[in-house]
Each structure stands twice: as structure tokens, then as C-alpha cells.
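Numbering (my numbering), first residue to last: -5 to 155.
Don't be surprised by glycine CBs; every beta carbon is placed ideally from N, CA and C.
Since the structure comes first, as C-alpha cells, the remarks are kept for the end.
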């Protein structure tokens, strides 16, 4: 609904909030109680003024509120892509241990390699593990990660010398 239409609705509601109670009180409710029309219509107009002033407050808020925006589609979900052997890509948060090497650490499910052809560059919002024994996580990591590499002192998990 456009803002001009909302202002028109607010104006009509204010006019109705004055006219209807004033007429009902002045012509229907108060005549049996008050015989003098000057007092009766003064009270009816006062009641109409009170109710219409409350309607003016509502109408201003109604007419000036921002227009409701249409619901849009949610953002596209993150895609996960693994392009090499022994790689792991996780699109969300990781809570479990992940290993791409020869250790006995429990491993996450690994998607087989796509083949010898290099993969195209990942699109925005894509999690891609493209190197041999690579791990890519699109969220936060809480689990232990291991690529199976050996450090100079022979301990697993380090970089090659």
C-alpha cells in the first residue's frame, strides 16, 4: 500500500472516529438523559474529539511506517567441492576429527577425486579443497585436523622439512 493511500485511510479513519461517536451520543444515547441540545451536542463533540485525537496518533504511525518489503529468497547455500584425492571440504562447522593422511584418526567422508583435469575456480560462497590432502572448512572448527604429513622430528601433523 502506497504512502498516499495510507494517509487517505488515516484521514478517513480520523473523520469516522469523530463523526460516528458524536452522532451516536448526540442523537441516540444522550437525548433521554439530557434535554438541552446545546449540552448534549457539546458532550458528544467532546467525546468525538477525544476519540479522533487517538485515531490521529494511530493514523500518523500508520501512514509514516516504512513500506513492507517483499520476502526475498534466502541466500544460496554454500557449495562444497573436493577436486583431489584425499581432500576434505566441509561447508559448515566441523565438530569431529578430520584426517587426510595415513593415521588412525577417524576420518570424515571423503568425496572421490573429480579426475586429472583441474577444477574451475570456486564461486563465491564455495568451500573448495583443491590440493592433495587438503582440508577446507566453511565454518568454525572444533575438531582435530590432520593431513598425515610428518614433521622433521617424525611426529605426525607437521610440515615436511
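Environment of residue i [buried if 16+ CB atoms lie within 10 Å]
i, result
"residue 88", "buried"
"residue 32", "exposed"
"residue 94", "buried"
"residue 77", "buried"
"residue 8", "buried"
"residue 75", "buried"
"residue 49", "buried"
"residue 16", "buried"
Candidates the options: closest to residue i by CA position
i, options, result
"residue 4", "74, 124, 32 and 59", "59"
"residue 84", "19, -3 and 122", "122"
"residue -4", "63, 39, 131 and 73", "63"
Assigned secondary structure, residue i (DSSP; H/G/I helix, E/B strand, else coil)
i, result
"residue -2", "helix"
"residue 89", "coil"
"residue 77", "coil"
"residue 51", "helix"
"residue 122", "strand"
"residue 128", "coil"
"residue 36", "helix"
Chain D contact for residue i (CB, 8 Å cutoff)
i, result
"residue 41", "The displayed structure is made up of one protein chain only, and chain D is not part of it."
Other residues of its chain near residue i: CB distance less than 6 Å, five sequence neighbours each side excluded
i, result
"residue 57", "0, 1 and 4"
Cutoff 8 Å; reference residue i; Cβ partners in own chain excluding five residues on either side
i, result
"residue 141", "93, 94, 95, 127, 128, 129 and 151"
Cutoff 7 Å; reference residue i; Cβ partners in own chain excluding five residues on either side
i, result
"residue 25", "34"
With a threshold of 8 Å, are at least 3 pairs of Cβ atoms found where one atom belongs to the region 38 to 46 and the other to the region -5 to 15?
yes
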